[in-house]
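According to this note's numbering, the residues represented by the sequence shown are 89 to 299, in order. Idealized CB from N, CA, C, for every residue including glycine. In what follows, a single structure is set out as structure tokens and then discussed.
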Amino acid sequence: MADQQHPDESAEHSGASRRDFLKQSSIMAAFAITPPAAVTAVEKGLHETIATRFEQMPLRVTINGAAQQLNIEPRVTLLDLLREQLNLTGTKKGCDHGQCGACTVHVDGTRVNACLTLAMTTEGCKVTTIEGLADGDQLHPMQEAFIKHDGFQCGYCTPGQIMSAVACIREGHADSPDEIREYMSGNICRCGAYSNIVDAIMDVKQGGQKV
């Protein structure tokens with residue numbers, strides 16, 4: 089008479105089979121989304137963290153006056169580079185879709201949404217973030233104006249608002265409240281401090297301070 093498998097052994101074997109199946113499925117899914125160069129490296133027995141380095145590229149960029157020589161993945165956004173790798177967290181991640189303006193920075197003097205800008209496109213450029221506006225302990229005139237006119241409430245959108253406000257004046261689009269509203273429309277303030285923001289920008293514009 090053939091030996092019968094004990095119920096506990098059968099359950100254990102079934103559980104092991106399911107675990108093996110899940111492991112194999114996870115590995116196949118990981119390989120499906122892994123860059124080809126990294127897959128090749130892993131197949132050759134290299135450690136995964138070493139394999140990812142095959143996808144990194146050199147980047148030379150000046151950020152807030154300091155020259156940076158970095159190695160980054162080509163898919164990294166400027167926002168993530170600033171926040172995650174350089175610890176410049178003043179630039180905020182809001183919608184991450186270029187709709188709120190919280191991540192506004194200057195690249196060669198032009199305002200951009202950092203969440204929509206690939207870091208590799210800033211090769212050889214000068215990037216300015218909110219941390220780079222002040223001169224040591226001396227605040228930028230726009231920062232002082234925002235404080236004076238209470239141009240913020242929760243403050244989350246404020247860095248992007250200030251960066252856009254500076255650019256708004258530099259671009260020559262701050263000659264009237266209506267013009268300011270038009271050219272600041274890409275920055276959203278959920279607290280509704282818009283009128284105070286306009287007052288702050290008009291104050292700096294009319295005061296003739298260098299921005």
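{"Asked": "Given Val254 as reference, the closest of Gln157, Asp225, Ile285 once Cα atoms are compared", "Found": "Ile285"}
{"Asked": "Chain-order list of residues whose beta-carbon lies under 6 Å from that of Asp238 (same chain, five-residue window excluded)", "Found": "Asn284"}
{"Asked": "Where the alpha helix (DSSP H) containing Arg258 begins and where it ends", "Found": "246-258"}
{"Asked": "Ile121 versus Gly220 - alpha carbon distance", "Found": "With a pLDDT of 49 at Ile121, under the threshold of 50, the predicted position of this residue should be treated as unreliable, though the coordinate-derived value follows. In a straight line, the C-alpha of Ile121 is about 37 Å away from that of Gly220."}
{"Asked": "CB contact flag (Arg148, Gly212, <8 Å)", "Found": "yes"}
{"Asked": "Nearest to Met208 (by Cα), restricted to the options Leu176, Gly248, Ala222, Pro146", "Found": "Pro146"}
{"Asked": "Residues of its chain near Val292, where Cβ-Cβ distance is below 6 Å and the 5 sequence neighbours each way are ignored", "Found": "Pro229, Met230, Ala233"}
{"Asked": "Supposed contact pair His194 and Thr216 - C-beta distance, whole angstroms, cut 8 Å", "Found": "4 Å"}
{"Asked": "Limits of the alpha helix (DSSP H) - the one that Lys236 falls within", "Found": "229-236"}
{"Asked": "Delimiting residues of the beta strand (DSSP E) encompassing Gln226", "Found": "Premise fails: Gln226 is in no beta strand (DSSP E) and is neither H nor E."}
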